[in-house]
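Accompanying notes for the structure given below.
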Amino acid sequence: MKTAPKLAQVVPAAPETLLRPEVLAMAAYHVADSRGMVKLDAMENPYPLPAGLRAELAALAADAALNRYPDPAGSRLKERLRGAMGIPAGMDLLLGNGSDEIIQVLTLAVANPGAVVMSVEPSFVMYRMLALAAGIPYVGVPLKADFTLDGEALLRAIDSHRPALLWLAYPNNPTGNLFDRGLLERIIEAVPGIVVIDEAYHAFAGSSFLPLLGRHPNLLVMRTLSKLGLAGLRLGFLAGPSAWLKQFDKLRLPYNVNVLSQVFCEAVLAHREVLDAQAAAIVEARSALASELGRMPGVTVFPSAANFLLFRVAGAPAVFAGLKARGVLIKNLSGAHHLLADCLRVTVSTPAENRLFLDALAASLDSRT
Ligand SMILES: *Cc1c(COP(=O)(O)O)cnc(C)c1O
């Protein structure tokens, strides 16, 4: 009988010696503890679904085949999305477990040696984070001080870095504004790689690049149901020419959108008017909140086409802490980027929650030291 070969004793690796330096250097995506707080930090829709629709979802959950894998292509859900979102004929769809997953898939797909991922700064942090995680150089071109696009700087950066992938959030997060459409079209034409217009806030914006799909062969449009009211279901999608999407689809994990997310999203999208009415209420509340906020002493509110408002106030970190102490959680962006000095971001919520926020803000401004 043969004896097993004698193996050298190995010292088990520690994370610091085994893992990629990019991973070790990354900061974890931070989610603040919001238990018991008025939660205005993450652009969630504050409105529940109507009782009838919730009962319909409960019945669907009872009948769902949880013992089976989900439809890998999500075909029925895609059909529903086509109708509900007005996807132009001839364009393909790719579904993601949230649009975050789609950002990851595209980043991995372009990760050739020498490839560069680009966006503007400040913008959505996952563009940068997932590029770094994939080991791809990331170039963030600063916006102007008023958060509009610096067209000249961006076109120069495109010319020198030749990005494989450019992300532009429209409206932008965390600034809330829509970039100039004409300039965006010039940028789409100047980029040698793919340009993704991220329309996470489309429901509050009234402006979209979906109708331009197909006109620019390198243009893709990404959306999510998260800000529309279904953040817990995690569904994002990418629309664009199948020449691109069928390649990305190879990198998508086979069952990335689970059974319950598929049936629930289908059912809710059949009542798109419910989500639209909620979005309309949020848009109305946004103007009321913006004007009241703008009247507060020392507060500057930036224009928003999204379901949140960015504002600047002296001593923002202390104001943020004061709000938190009063049970209201918003987002402190002071320190996130030099253009965001003394900036805070608040989600537009119900009139009642917006009132709680404004009252807590007034008290925090008074007690600021
Ligand atoms: C919230 C947000 C996303 C992520 O959405 P999920 O679908 O929930 O992953 C993507 N892009 C922008 C600009 C966002 O603000």
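Our numbering applies: residue 13 is where the sequence shown begins, and numbers increase by one.
All C-beta atoms, glycine included, are put in the ideal place defined by N, C-alpha and C.
Item	Value
Given 8 angstroms, three or more beta-carbon pairs between the segment 48–60 and the segment 282–296	yes
Residues bridged to L177 (per DSSP)	V129 and I206
Contact set, ligand 1 heavy atom to C-beta under 5 angstroms	G110, S111, D112, F136, A181, N185, D210, A212, T236, S238 and G248
Distance between beta carbons of L247 and M206, contact taken as under 8 angstroms	According to the sequence displayed, residue 206 carries Ile and not Met. So it is not a contact: roughly 22 angstroms between Cβ atoms.
G147 vs E34 beta-carbon contact at 9 angstroms	yes
Sheet register partners of D104 (DSSP bridge)	G252
Proximal residues to G143 (C-beta, below 7 angstroms), its chain only, five neighbours per side dropped	In the sequence on display, residue 143 carries Ala and not Gly. Result list for A143: T119, V129 and Y150, in chain order.
Sequence-distant residues of the same chain with beta carbon closer than 6 angstroms to R193, five excluded per side	none
C-alpha gap between D75 and R88, whole angstroms	17 angstroms
Short Cβ contact (9 angstroms threshold) for S131 with A181	yes
Unbroken beta strand (DSSP E) run spanning P154, endpoints	Y150 to P154
Coil, strand or helix - V382 by DSSP	Only positions 13 to 381 of the chain appear in this structure, which leaves residue 382 out of reach.
7 angstroms CB neighbourhood of E68 in its chain, flanking five on each side removed	A279
Span of the alpha helix (DSSP H), counted from its first residue to its last, around L5	With the chain represented from 13 up to 381, any question about residue 5 goes unanswered, as that position is not in the structure.
With 16 other Cβ atoms within 10 Å as the buried cut-off, status of S172	exposed
CA-to-CA distance, A212 to I4, given in whole angstroms	A question about residue 4 goes unanswered here, because the residues of the chain that appear run from 13 up to 381.
Simplified DSSP state of M308, which is helix, strand or coil	coil
Assumed close pair L345, L352 - CB separation to whole angstroms, cut-off 8 angstroms	4 angstroms
Cut-off 7 angstroms between Cβ atoms - residues of its own chain near V340, not counting five sequence neighbours on either side	M49, V50, L52, L368, F369 and A372
Straight-line Cα distance separating N319 from P186	11 angstroms
Helix, strand or coil at S172 [DSSP, three-state]	helix
Nearest candidate by alpha-carbon position, reference V122, set R338, P175, L240 and R47	P175
Ordered list of alpha helix (DSSP H) runs contained in the segment 25–79, each at least 4 residues	27–30, 33–37 and 63–75
Alpha-carbon spacing of G252 relative to R227, whole angstroms	10 angstroms
First through last residue of the beta strand (DSSP E) which encompasses V233	L231 to T236
Separation of N270 from K18, as counted between CA atoms	46 angstroms
L352 (DSSP reduced to helix, strand or coil)	helix
Bounding residues of the alpha helix (DSSP H) (the contiguous stretch that carries R92)	S87 to M97
Segment limits, beta strand (DSSP E) that includes F276	Note, F276: premise wrong, no beta strand (DSSP E); alpha helix (DSSP H) at V271 to L281.
Where R357 sits in the DSSP three-state scheme	strand
Whole-Å CB distance - G188 paired with A317, under 8 angstroms assumed	7 angstroms
Extent of the continuous beta strand (DSSP E) to which F320 belongs	F320 to R324
Beta-bridge partners of S346, as assigned by DSSP	H349
P204 versus G163 - alpha carbon distance	16 angstroms
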